[in-house]
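Colleague:
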Amino acid sequence: MKYLTIVLLTFLVASCANVLGVFVLQSLDQIGTADTDMKNLPYGIAIGFNLFLALGTFPTFLNLMPWVRNNNFWSTLSFFLLPLVIMSYLAFSLEEEVLIGIGFCIPYIIVLTVFFVRLRKQNDV
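If you read the sequence shown in my numbering, its first letter stands for residue 174, the second for the next number, and so on.
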């Protein structure tokens, strides 16, 4: 249950951070300045990126097995390998907007790192 909570909370917190970031950037007229139907598309892209990253975080359930949970290397791979691969693919598929793609993924990785560190401290005690 705690691994599902990690996936869901990471998705929700990172999505809120991204939506807030897009709102601030639109308020400052940095993005979405054109008066078209696609003005709110960055909100959907930000949440979509987080959804893909959340689906890539499901290997964290491998930590239910003691040999993965007790090994730092395998535990770290189960948390970060697939999300980092997905982040790289999504970021570089945007071609000219690589920094925007990485910017949408960074909050997810930061929140996932916080949960990973907390989980490792709980398991070491």
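Where a beta carbon is used, it is the ideal one built from N, C-alpha and C, also for glycine.
From T230 to G194, what distance separates their C-alpha atoms?
Modeller: Going by the C-alpha atoms only, they are around 23 Å apart.
Colleague: Can you tell me which of W240, Y216, L185, A187 puts its alpha carbon nearest to the alpha carbon of N355?
Modeller: What the structure shows of the chain is the stretch from 174 to 298, and residue 355 is not part of that stretch, so it cannot be assessed.
Colleague: Take A219 and list the residues in its own chain whose beta-carbon comes closer than 8 Å to its own, dropping the five residues that flank it on each side.
Modeller: Here the set comprises S188, N191, V192, G194, V195, F277.
Colleague: Would you call the CB atoms of T178 and Y281 closer than 8 Å?
Modeller: Not a contact, by the Cβ cut-off of 8 Å.
Colleague: List the whole-angstrom C-beta distance separating L285 from I259, where the pair is believed to meet the contact cut-off of C-beta under 8 Å.
Modeller: About 12 Å separates the two Cβ atoms, so there is no contact after all.
Colleague: Kindly list the residues whose CB is nearer than 7 Å to the CB of L263, restricted to its own chain and excluding five residues on each side of it in sequence; keep chain order.
Modeller: Around L263: F222, F225, G274, C278.
Colleague: Could you pull the start and end residues of the alpha helix (DSSP H) that Q295 belongs to?
Modeller: It spans 271-297 - the alpha helix (DSSP H) in which Q295 sits, taken as one unbroken run.
Colleague: What ranges does the alpha helix (DSSP H) occupy inside the stretch 183-269, keeping only unbroken runs of at least 4 residues that lie completely in it?
Modeller: Whole alpha helix (DSSP H) segments, 4+ residues: 214-229, 239-242, 245-265.
Colleague: With distances taken between CB atoms, is the gap from Y176 to T249 smaller than 8 Å?
Modeller: No, they are not a contact pair.
Colleague: Grab me the residues of L267's own chain with a C-beta within less than 7 Å of its C-beta, minus the 5 sequence neighbours each way, in chain order.
Modeller: Excluding residues within five positions, the ones whose Cβ falls inside 7 Å are I273, G274.
Colleague: Looking at F252 and F289, is the spacing between their C-beta atoms short of 8 Å?
Modeller: Their beta carbons are under 8 Å apart, which means F289 touches F252 by this criterion.
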